[in-house]
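Take the first sequence: its letters are residues 6 to 408, numbered as in the working numbering.
For reference, the structure is listed below as structure tokens.
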Amino acid sequence: MDLNHEVERQMEILSSGAAEIIPDNGLREKIRSSIGNGIPLRVKVGIDPTSPHVHLGHMVVYGKLRQFQDLGHKAVLIIGDYTARIGDPTGRNKERAPLTEEEVRANSLTYRDQIFKIVDESKTEVHFQSRGFDTLTLQEIMTTASAFSTAHMLTHETFRKRLGKGDRLSLHELFYPVLQAWDSLLVRSDVELGGLDQKFNILCGRDLQKSRGMSPQAALFMPLLEGTDGRKMSKSFGNHIPVNADPQEKFGKVMSISDNLIIPWFTLAAQKSGEQISLLNERLRNENPRDIKMELASEIVRIYHGAEEAQRCRLGFVNQFSRGEIPEEIPRFFLGSREMKLTSILKESGLYPSISEARRLIVQGGLKIDGKQIGDPDFTLTPGGDGSVIIKAGKRKYLKVNR
RNA sequence: GGGGAGGUUCCCGAGCGGUCAAAGGGGGCAGACUGUAAAUCUGUUGUUUCGGCUUCGAAGGUUCGAAUCCUUCUCUCCCCA
Numbered sequence: 006m007d008l009n010h011e012v013e014r015q016m017e018i019l020s021s022g023a024a025e026i027i028p029d030n031g032l033r034e035k036i037r038s039s040i041g042n043g044i045p046l047r048v049k050v051g052i053d054p055t056s057p058h059v060h061l062g063h064m065v066v067y068g069k070l071r072q073f074q075d076l077g078h079k080a081v082l083i084i085g086d087y088t089a090r091i092g093d094p095t096g097r098n099k100e101r102a103p104l105t106e107e108e109v110r111a112n113s114l115t116y117r118d119q120i121f122k123i124v125d126e127s128k129t130e131v132h133f134q135s136r137g138f139d140t141l142t143l144q145e146i147m148t149t150a151s152a153f154s155t156a157h158m159l160t161h162e163t164f165r166k167r168l169g170k171g172d173r174l175s176l177h178e179l180f181y182p183v184l185q186a187w188d189s190l191l192v193r194s195d196v197e198l199g200g201l202d203q204k205f206n207i208l209c210g211r212d213l214q215k216s217r218g219m220s221p222q223a224a225l226f227m228p229l230l231e232g233t234d235g236r237k238m239s240k241s242f243g244n245h246i247p248v249n250a251d252p253q254e255k256f257g258k259v260m261s262i263s264d265n266l267i268i269p270w271f272t273l274a275a276q277k278s279g280e281q282i283s284l285l286n287e288r289l290r291n292e293n294p295r296d297i298k299m300e301l302a303s304e305i306v307r308i309y310h311g312a313e314e315a316q317r318c319r320l321g322f323v324n325q326f327s328r329g330e331i332p333e334e335i336p337r338f339f340l341g342s343r344e345m346k347l348t349s350i351l352k353e354s355g356l357y358p359s360i361s362e363a364r365r366l367i368v369q370g371g372l373k374i375d376g377k378q379i380g381d382p383d384f385t386l387t388p389g390g391d392g393s394v395i396i397k398a399g400k401r402k403y404l405k406v407n408r
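Laid out in structure tokens, this is it:
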């Protein structure tokens with residue numbers, strides 16, 4: 006096997022979709038020596054288990070990690086159960102409310118399950134931060150902290166902004182990058198993957214390794230996946246697609262992204278590379294973007310739920326939205342022999358969180374029973390009649406009421 | 001330790017004794033439109049048995065009446081030490 010050829014082959018796969026690799030040639034050199042000496046690279050990814058909700062944005066780096074695994078490298082997952090309790094300051098304008106140990110533990114577990122939908126568990130080493138950090142002495146902590154200068158820490162954009170705005174910045178928050186860097190030291194990582202927003206933290210890892218005479222890890226940054234509305238995908242913007250979302254919901258949400266996100270999503274969320282992307286770009290110019298987006302949605306559902314499910318969702322979507330048909334599976338509500346106001350039914354069935362909201366929906370003309378619009382907020386459903394009815398609330402919520 | 005400024009509804013942010021369930025923006029929801037759950041426009045946005053009921057950091061107080069005034073507590077920011 007030609008060494009150079011193999012190095013370039015790996016580089017091409019690994020750099021596809023990447024936003025930045027630091028240093029330029031660092032990754033290439035690491036790969037070269039790995040192939041040379043037959044020792045797989047240790048590729049670190051940190052997990053921040055601050056919430057049990059993993060979304061497709063998070064999965065971008067895990068997709069990349071999987072590519073490393075497929076090339077024979079070793080995945081090293083760090084469960085940041087300590088850093089989670091500090092809260093990643095990046096992008097935060099507030100100090101994070103501290104999580105309890107139990108919350109962090111619970112989050113870690115669900116997080117891990119979701120990651121292993123993409124990452125190969127059998128080729129992964131998992132470390133809990135707490136296992137290494139709980140026994141540290143103050144002496145060790147101070148020695149490590151002394152490797153960083155305060156001025157440098159304060160160049161972190163988020164810290165700078167917070168200080169500039171006069172927001173609170175706690176002393177321990179400065180430790181977030183330090184702990185993350187420390188992880189790299191402890192697991193002797195050759196490469197660390199992360200989102201572009203992790204640049205500061207990951208580069209700190211390089212600094213710390215260097216200061217201990219270790220070869221600094223190469224850093225590979227993935228772009229941030231934009232959410233369905235074009236902003237950074239984040240649960241707090243409500244523009245995310247949870248990994249745990251059911252397939253139908255995933256499909257629908259992918260269909261709601263704007264057209265200019267189709268290519269970035271194919272690249273980052275569906276891992277298409279080079280040739281495939283240029284082909285898609287070509288097709289986008291000539292075909293209805295909706296159809297290409299449908300392929301994207303199918304592909305994403307396939308990745309997490311399999312091809313069969315993807316096909317089912319696609320049909321379901323076409324039926325419901327393109328043809329305006331009622332979806333196959335809709336929630337049911339049993340009226341029994343009761344007599345109930347529509348508003349109460351909407352609330353009790355969980356379709357709407359309060360009677361007021363349900364009332365608004367009706368007044369605004371967003372509710373239909375068996376296709377007929379109901380405008381009276383006091384409308385009452387009585388038992389008997391002609392069996393079950395289908396309620397359509399808003400554009401896409403349905404409820405079958407049995408009576 | 002001293003001095004000053006603040007904590008408002010999901011978020012940002014106005015209000016500074018009654019006309020405040022509280023401006024404006026964001027987000028959400030709905031309607032129109034559309035190839036789309038995009039964009040745009042319009043409406044709406046505490047809760048309710050529609051009588052009310054509970055909100056403006058917390059607890060008390062003044063007042064016929066408080067988000068608005070007073071007291072204490074608590075949290076945050078700034079300046080000085």
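Positions of the beta carbon are idealized from the N, C-alpha and C atoms, including for glycine.
All of these numbers come straight from a predicted model, not from anything done at the bench.
Taking C-beta to C-beta, are Gln-134 and Gly-85 nearer than 7 Å? One-based indexing of the first sequence puts residue 134 at position 129. One-based indexing of the first sequence puts residue 85 at position 80. In this structure, Gly-85 lies closer than 7 Å to Gln-134 by Cβ.
So, helix, strand or coil for Val-50, using DSSP? Residue numbering aside, residue 50 sits at position 45 when the first sequence is read from its first letter. Note: Val-50 maps to strand in three-state DSSP.
Under the three-state reduction of DSSP, which class applies to Glu-130: helix, strand or coil? If you number the first sequence from 1, residue 130 lands on position 125. Note: Glu-130 maps to strand in three-state DSSP.
Are the segment 57–77 and the segment 241–258 touching, with three or more C-beta to C-beta distances below 8 Å? yes
Rounded C-alpha distance that separates Phe-153 from Ala-223: Along the first sequence, read from residue 1 onward, the residue named residue 153 stands at position 148. Along the first sequence, read from residue 1 onward, the residue named residue 223 stands at position 218. In a straight line, the C-alpha of Phe-153 is about 19 Å away from that of Ala-223.
Segments assigned alpha helix (DSSP H), at least 4 residues, entirely inside the segment 196–228: If we require 4 residues or more, the alpha helix (DSSP H) runs fully inside the segment 196–228 come out as 204–216.
For Lys-79, does the three-state DSSP call read helix, strand or coil? In the first sequence, residue 79 corresponds to position 74, counting from 1. Lys-79: strand per DSSP, three-state reduction.
State the Cα-Cα distance for the pair Asp-381 and Ile-335, rounded to the nearest angstrom. By one-based count along the first sequence, residue 381 stands at place 376. By one-based count along the first sequence, residue 335 stands at place 330. Roughly 24 Å between the two C-alpha positions.
What's the C-alpha gap between Pro-45 and Tyr-116? By 1-based counting over the first sequence, the position of residue 45 is 40. By 1-based counting over the first sequence, the position of residue 116 is 111. CA-CA distance, Pro-45 to Tyr-116, rounds to 25 Å.
Unbroken beta strand (DSSP E) runs of length 3 or more, entirely within the segment 288–374: which are they? 337–339 and 372–374
Straight-line CA distance for Asp-345 to Val-394? As a working note, residue 345 is residue 340 in the first sequence. As a working note, residue 394 is residue 389 in the first sequence. Before going on, a small fix: residue 345 reads as Met here, not Asp. Taking the straight line joining both Cα atoms gives about 14 Å.
Can you tell which of Pro-294, Asp-139 and Leu-82 has its C-alpha closest to the C-alpha of Ser-113? Looking up residue 113 in the first sequence gives position 108. Residue Leu-82 is the option with its Cα nearest to Ser-113.
Residue nearest to Leu-191 in terms of C-alpha spacing, selected from Ala-24, Val-48 and Thr-55: Taking the first residue of the first sequence as 1, we reach residue 191 at position 186. In terms of Cα proximity to Leu-191, the closest of Ala-24, Val-48 and Thr-55 is Val-48.
Residue(s) in a DSSP beta bridge with Asn-407: Stepping through the first sequence from its first residue, residue 407 is reached at position 402. Asn-407 is bridged to Phe-339.
Rounding to the nearest angstrom, what Cα-Cα distance links Gly-218 and Gly-43 in this structure? Position 213 of the first sequence, counted from the first residue, corresponds to residue 218. Position 38 of the first sequence, counted from the first residue, corresponds to residue 43. Between Gly-218 and Gly-43, the C-alpha separation is close to 23 Å.
From what residue to what residue does the alpha helix (DSSP H) around Val-394 run? Sequence index remark: in the first sequence, residue 394 carries index 389 (1-based). Looking at the DSSP string, Val-394 is not in any alpha helix (DSSP H); the run it does join, the beta strand (DSSP E), is 394–398.
Quick test of the definition: if touching needs 3 or more C-beta pairs under 8 Å, does the segment 207–216 touch the segment 267–282? no
Counting beta carbon pairs with one atom in the segment 393–408 and one in the segment 351–370, are three or more of them shorter than 8 Å? Put simply, the segment 351–370 touches the segment 393–408. At least three CB pairs are less than 8 Å apart.
Expressed to the nearest angstrom, what Euclidean distance is found between the alpha-carbon atoms of Glu-34 and Leu-70? Here residue 34 refers to the residue found at position 29 when the first sequence is read from its first residue. Here residue 70 refers to the residue found at position 65 when the first sequence is read from its first residue. If I take the Cα positions, the gap works out to 18 Å.
Determine the extent of the beta strand (DSSP E) in which Ile-26 is found, giving its start and end residues. Along the first sequence, read from residue 1 onward, the residue named residue 26 stands at position 21. 25–27 is the extent of the beta strand (DSSP E) around Ile-26.
What would DSSP say about His-60, mapped onto helix, strand or coil? Sequence index remark: in the first sequence, residue 60 carries index 55 (1-based). DSSP places His-60 within a strand segment (E or B) once states are collapsed to three.
Range of the contiguous alpha helix (DSSP H) that encloses Lys-255: Indexing the first sequence from 1 puts residue 255 at position 250. Where Lys-255 is concerned, the enclosing alpha helix (DSSP H) stretches over 252–260.
Enumerated in chain order, which unbroken segments of the alpha helix (DSSP H) with a length of 4 residues or greater are wholly contained in the segment 143–202? The segment 143–202 contains, as complete alpha helix (DSSP H) runs of 4+ residues, the segments 143–150, 155–158, 162–170 and 180–192 (chain order).
Restricting to Cα atoms, I'd like to know which of Gln-253, Ser-194 and Arg-343 is closest to Val-323. As a working note, residue 323 is residue 318 in the first sequence. Nearest C-alpha to Val-323: Gln-253.
Proximity test, Ser-38 beta-carbon vs the ligand GDP heavy atom, cut-off 6 Å: For the structure depicted, the ligand GDP is absent and the ligand set is empty, with no information on it obtainable.
Classify Pro-247 as helix, strand or coil using the three-state DSSP reduction. Indexing the first sequence from 1 puts residue 247 at position 242. Three-state DSSP puts Pro-247 in a strand.
Please state whether the Cβ-Cβ distance between Leu-340 and Pro-388 is less than 7 Å. For the purposes of this step, residue 340 is taken as residue 335 along the first sequence, with counting starting at 1. For the purposes of this step, residue 388 is taken as residue 383 along the first sequence, with counting starting at 1. In this structure, Pro-388 lies closer than 7 Å to Leu-340 by Cβ.
Closer than 8 Å by C-beta to Leu-366: which residues in its own chain qualify, once you throw out the five before and the five after it? Chain order, please. Stepping through the first sequence from its first residue, residue 366 is reached at position 361. Here the set comprises Leu-351, Tyr-357, Leu-372, Ala-398 and Gly-399.
Pairwise C-alpha distance: Lys-277 and Phe-164: Indexing the first sequence from 1 puts residue 164 at position 159. Indexing the first sequence from 1 puts residue 277 at position 272. Cα-Cα distance, rounded: 36 Å.
Assumed close pair Leu-225, Met-238 - CB separation to whole angstroms, cut-off 8 Å: Position 220 of the first sequence, counted from the start, is the residue given in the question as residue 225. Position 233 of the first sequence, counted from the start, is the residue given in the question as residue 238. That belief does not hold up - the Cβ atoms of Leu-225 and Met-238 are roughly 19 Å apart, past 8 Å.
Going by beta-carbon coordinates alone, are Gln-72 and Ile-123 separated by less than 7 Å? The sequence position of residue 72 within the first sequence is 67, counting from 1. The sequence position of residue 123 within the first sequence is 118, counting from 1. Taking 7 Å as the Cβ cut-off, Gln-72 and Ile-123 do not qualify as a contacting pair.
Leaving out five residues on either side along the sequence, give the residues of the same chain with a beta carbon under 7 Å from the beta carbon of Leu-174. For the purposes of this step, residue 174 is taken as the residue at position 169 of the first sequence. Taken in chain order, the residues that qualify are Phe-164, Arg-167 and Leu-168.
Can you give the Cα-Cα distance for Thr-142 and Thr-129, rounded to whole angstroms? Along the first sequence, read from residue 1 onward, the residue named residue 142 stands at position 137. Along the first sequence, read from residue 1 onward, the residue named residue 129 stands at position 124. Looking at the two C-alpha atoms, the distance is approximately 29 Å.
By alpha-carbon positions, which one of Trp-187, Ala-150 and Gln-144 ends up nearest to Arg-136? By one-based count along the first sequence, residue 136 stands at place 131. Nearest C-alpha to Arg-136: Trp-187.
Helix, strand or coil: which one does DSSP assign to Thr-55? Residue mapping note: residue 55 aligns to position 50 of the first sequence, counting from 1. Here Thr-55 sits in coil by DSSP.
Keeping to the same chain, check which residues put their C-beta closer than 8 Å to that of Val-368; ignore five residues upstream and five downstream. Residue numbering aside, residue 368 sits at position 363 when the first sequence is read from its first letter. For Val-368, where only same-chain residues beyond five positions count, the Cβ hits under 8 Å are Gly-380 and Pro-382.
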